[in-house]
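Data first, discussion second: the structure below is written as structure tokens.
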Amino acid sequence: MEIKIKLNGKMVVDNIEADLLLIDFVRSHGCRSVKRGCESSNCGLCTVLMDGKPVLSCSVLAARADGHTVQTLEGLQEEASNFVGFIADQGADQCGFCNPGFVMNTISLLRENPDPTDDEIRAYLSGNLCRCTGYEGQLRGIRNYLNSRKD
Amino acid sequence: MVTIQKYVRAKTLEEAYTLNQNKRNRIVAGMLWMKTGSGSMNTAIDLCDLGLDKIEETEEQFSIGAMVTLRQIELHEGLNAYSSGAIRNAVHDIIGVQFRNSATVGGSIWGRFGFSDVLTVFLALDTYVELYKGGILPLEQFAKLPYDNDLLVRVIVKKAPAAVVYSAMRIQRTDFPVLTCTVSQVDGQYRASIGARPGRAMLVRDDEHLLADGITQQSAEAFAASVAERVPTLGNIRGSAAYRTHLIKVLTQRNVLALGGL
């Protein structure tokens, strides 16, 4: 079947199988930041924005995304660059595999709630698992970024 | 992962219903639970173009389309004002925001999953389901029915005067619940719905009028003991039957006390 998806600002037309997952679609179109993790809708590694909302691309049919807008980290570099340095400064990532999903969901958090409390950050990012760290580094990084905006 | 031969976005409910009469075809909602399974289907029937992704509020009721996401009900001011935040509390620990942006109310209610926080909270309200062929029936009745090939179109919550408190026990945040519990007072009648027992959530009423003279520590304890006695539990990887029965007493009592402002 033919689908049309606006992927990172560019219209992409493709013929796909009915059961192709969105993660496989975006990766086949060069968006390798989107990682395959748990494959049971738990870890957040495969987070993309569909019509501006974060979803798990491992659990969305590419066919469902037909006619919609999809963004991955490849298309949001500038927005991400505002805060990823603060996370890096904390040494928050070890292997870094969770990072793209983490960054994507943080972008969504900050769009929805530009000045979140620590508890709001924890709650919003609870669907992003990191098996290297204790999440405190990421939290400190985001907090430092938020504080820097107030200075 | 389930394999799919064909994907169809239904143009009408009738088209979706007709396709769904073939046992090899299935409705896909959020697809989050279905995806964890295996097997194959001929046609995946998607309801996403039928305008069922809206919550309509009138003076009498909330009408929640089957494709409304858990995130929508989490953020809906009217629903959460009416339920004193119980609906938000029921869903906010379900995996993460990304999951809740895909998981649908229709999928959760239709599935009648034992672990469903969603079924547990709506069961304690004056809630009905609208089925395409089956019409409107109380959620309490629907929750007991076997699966068939009808379509769940909407979930309707009547705005009966209500106070509601929800809580769940999880081994870890975002995990499946070990037990879910809602206590409500709807139209003056006290109810408790218990889910993750681990069977489908079930509703019990204060038929013995244990709370009729008001909520006190003693009456809350008595009602909680009565609920625990009437709700069957089983054991699984998350907890034994005895543990769940104990949790029913604890969560029900806490919720009753919270309902009474104690």
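Listed in order, the protein sequences are those of chains U and G. Numbering (this note's numbering) for the first sequence: 365 to 515. Numbering (this note's numbering) for the second sequence: 70 to 331. Glycine included, each C-beta is placed from N, C-alpha and C at the ideal position.
Closer than 7 Å at the beta carbon, the chain U residues around Phe168/G = Ser405, Leu420, Gly491
Inter-residue spacing [alpha-carbon to alpha-carbon] between Met274/G and Asp256/G = In the sequence under discussion, the amino acid at residue 274/G is Arg, which differs from the Met named in the question. When rounded, the distance between both Cα atoms is 12 Å.
Proximal residues to Val71/G (C-beta, below 8 Å), its chain only, five neighbours per side dropped | Met103, Lys104, Gly106, Ser107, Gly108, Ser109, Met110
From the DSSP output, in three-state form, read off Tyr312/G for me.
-> helix
Inter-residue spacing [alpha-carbon to alpha-carbon] between Gln458/U and Leu437/U = 19 Å
Nearest-angstrom Cα separation, counted from Asp118/G out to Lys202/G = 19 Å
Exposed unless 16 or more other CB atoms sit within 10 angstroms - verdict on Val412/U = buried
Is it right to say Tyr216/G is buried, meaning 16 or more other beta carbons lie within 10 angstroms of its own, or is it exposed?
-> exposed
Given a limit of 7 Å on CB to CB distance, which residues of the segment 424 to 439 of chain U reach chain G?
-> Val424, Leu425, Ala427, Arg428
Backbone CA spacing between Leu425/U and Val300/G [nearest angstrom] = 39 Å
Hey, is Tyr488/U's beta-carbon within less than 8 Å of any beta-carbon in chain G?
-> yes
Ignore the nearest five residues each way along the sequence and tell me which others in Phe245/G's own chain have a CB closer than 8 Å to its CB.
-> Phe184, Arg239, Ala265, Arg307
Examine the Cβ distances between the segment 379 to 391 of chain U and the segment 415 to 431 of chain U and report whether three or more of them are shorter than 8 Å.
-> yes
Out of Gly283/G, Glu277/G, Asp276/G, Met271/G, point me to the one whose CA is closest to Thr302/G's CA.
-> Met271/G
Around the C-beta of Lys399/U, are 16 or more other C-beta atoms found within 10 angstroms, so that it is buried, or is it exposed?
-> buried
Arg242/G versus chain U: which residues are under 8 Å apart at the beta carbon?
-> Ser490
Can you grab the Cα-Cα spacing for the pair Phe39/G / Leu489/U, in whole Å?
-> Outside the shown range of chain G, which is 70 to 331, sits residue 39/G, and nothing can be said about it.
Identify the contact partners of Asp453/U in chain A, using a Cβ-Cβ distance below 9 Å as the criterion.
-> No chain A appears in this structure, whose protein chains are U and G.
So, is the C-beta of Thr497/U closer than 8 Å to a C-beta in chain G?
-> no
Helix or strand or just coil, what does DSSP make of Ser421/U?
-> helix
Measure the C-alpha to C-alpha separation of Leu208/G and Tyr197/G and round it to an integer number of angstroms.
-> 5 Å
Just confirm the distance between the C-beta atoms of Leu88/G and Ala79/G, as a whole number of angstroms; I'd bet it's less than 8 Å.
-> 7 Å
When burial is assigned at 16 or more other CB atoms within 10 Å of the CB, is Met375/U buried or exposed?
-> exposed
Is Ala382/U close to chain G, meaning its C-beta is less than 8 Å from at least one C-beta of that chain?
-> yes
Which residues in the same chain have their Cβ closer than 6 Å to the Cβ of Cys496/U, if we skip the five residues on either side of it in sequence?
-> Gln458, Cys459
So, is Pro230/G buried or exposed, given that buried needs 16 or more other C-beta atoms within 10 angstroms?
-> exposed
Is the beta carbon of Gly491/U sitting closer than 8 Å to the one on Phe292/G?
-> no
Could you name the residues of the same chain whose beta carbon sits closer than 8 Å to that of Thr81/G, not counting the 5 residues immediately before and after it, in chain order?
-> Leu119
Could you tell me which chain G residues have their CB closer than 8 Å to the CB of Asn477/U, listed as they occur along the chain?
-> Ordered by position in chain G, no residue passes the 8 Å Cβ test against Asn477/U, which lies about 11 Å from the chain.
Kindly indicate if chain G contains any beta-carbon less than 8 Å away from that of Thr411/U.
-> yes
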